[in-house]
Amino acid sequence: MLNLNIRILAFAALSFLFAPPIILGQNVRSLNNSGVDSYKKQQFVDAEVNFKKGLEKSRESYELNYNLGDAYYKQQRYDEAINSFQNSLTHTEDGILKSKAFHNIGNSLLKSQKIKESVEAYKNSLKLNPNDKDTKYNLSYALSLLKQQQDQQQQNKNQNDKNQDKQDKKDQNKDDQQDQNKNDQKDQQKQQNKDQTAQQDKLKQPEKDKISKEEAERILEALKNNEKDLQKKLRKKVGIPITTDKDW
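If you count the sequence shown from 1, position 88 lands on 88 in the working numbering, and the numbers rise without skipping.
Here is the structure:
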């Protein structure tokens with residue numbers, strides 16, 4: 001794997017800007033130089049303090065804004081570094097100086113895991129200084145990281161889609177099972193209702209053979225009358241004398 005960290009940090013140190021005396025006033029130049037000395041000793045907080053003091057007297061200094069960005073960068077305060085480098089861009093028309101600022105903006109963005117943005121910063125740097133080998137190297141590395149990131153994102157998306165499909169299928173099967181259970185319950189309830197109705201009809205069936213009280217009384221009365229008629233007939237038969245031709 002490429003050691004981006006060492007290369008970027010090395011270049012950040014090499015690209016550190018030493019202010020020409022003709023650009024800054026005596027007091028401001030002294031503060032800038034003090035900051036540079038602290039930076040070389042890796043006393044980055046002290047360097048930051050001196051650069052800020054200088055900016056209080058000369059806010060439009062490209063050199064102080066740029067150097068403050070480097071001090072922030074060494075403290076891993078990348079958002080503040082980006083802001084300082086961007087400020088430096090507004091205070092120079094020199095293409096090479098701007099290209100250095102864009103380069104270190106790219107470094108800071110890359111350290112912040114903002115890979116796509118870092119690629120654009122390196123491209124802007126190369127537009128102003130196409131022959132800068134360090135920027136070409138960092139751009140190439142950032143592009144390789146970007147591709148890895150995009151490939152990973154696509155892989156994650158594919159996996160998420162696959163998991164979602166599984167979940168959708170699982171949910172569908174669950175819904176189908178629930179529908180089947182409902183249908184089974186309905187069928188079972190229908191059958192129970194049918195059986196219950198048949199049982200009720202069966203219990204009611206004997207009632208068809210039952211007779212009312214009035215009908216029973218009429219039948220009983222008819223039977224009594226028949227019995228009376230029968231008795232009369234029997235009595236009449238008994239009353240007829242029996243004759244015989246024999247003389248006993």
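Every residue gets a Cβ at the ideal spot worked out from N, C-alpha and C, and that includes glycine.
Around the C-beta of residue i, are 16 or more other C-beta atoms found within 10 angstroms, so that it is buried, or is it exposed?
i	result
Lys100	buried
Asp94	exposed
Lys98	buried
Ile226	The amino acid at residue 226 is misidentified as Ile; the sequence shows Asn. That one is exposed.
Arg218	exposed
Asp70	buried
Ser144	exposed
Ser118	buried
Lys224	exposed
Asn50	buried
Ser212	exposed
Asn65	buried
Asn156	exposed
Asn278	This structure does not reach residue 278, given that the chain is present from 1 up to 248, and the question cannot be answered.
Asn87	buried
When the Cα atoms are used, what is the spatial distance from residue i to residue j?
i	j	result
Leu139	Gln177	56 Å
Leu31	Arg59	13 Å
Ser188	Ala198	It is worth fixing the name first, because residue 188 is Gln in this sequence and not Ser. If you take the alpha carbons of Gln188 and Ala198, they lie about 15 Å apart.
Arg7	Tyr62	Its pLDDT being 36, under 50, Arg7 is placed unreliably by the model, and nothing is read from it.
Gln172	Ser112	43 Å
Glu48	Gln154	42 Å
Leu89	Ala142	22 Å
Leu2	Tyr137	For Leu2, the predicted model reports a pLDDT of 37, less than 50, meaning its position is unreliable; a value from the coordinates is still stated below. If I take the Cα positions, the gap works out to 10 Å.
Phe102	Asn124	6 Å
Gly106	Ala81	11 Å
Lys228	Leu220	12 Å
Leu37	Tyr73	It is Asp, not Leu, that sits at residue 37 in the sequence shown. If I take the Cα positions, the gap works out to 16 Å.
Tyr122	Asn104	9 Å
Gln200	Lys166	50 Å
Gln150	Asp179	42 Å
Gln43	Thr92	27 Å
Gln191	Lys202	16 Å
Closest by CA to residue i, which one among the options?
i	options	result
Ile115	Gln148, Asp179, Lys224	Gln148
Asn27	Glu56, Leu68, Gln42, Tyr39	Glu56
Lys53	Glu217, Gln196, Gln43, Ser34	Ser34
Arg77	Phe51, Thr92, Val45, Lys174	Val45
Leu109	Lys186, Asp79, Gln200	Asp79
Thr135	Lys194, Ile96, Asp168	Ile96
Looking at C-beta atoms only, is the number of pairs between the stretch 117–132 and the stretch 150–164 that lie closer than 8 Å three or more? no
Mind listing, in chain order, the continuous beta strand (DSSP E) runs of no fewer than 3 residues lying wholly within the stretch 33–103? none
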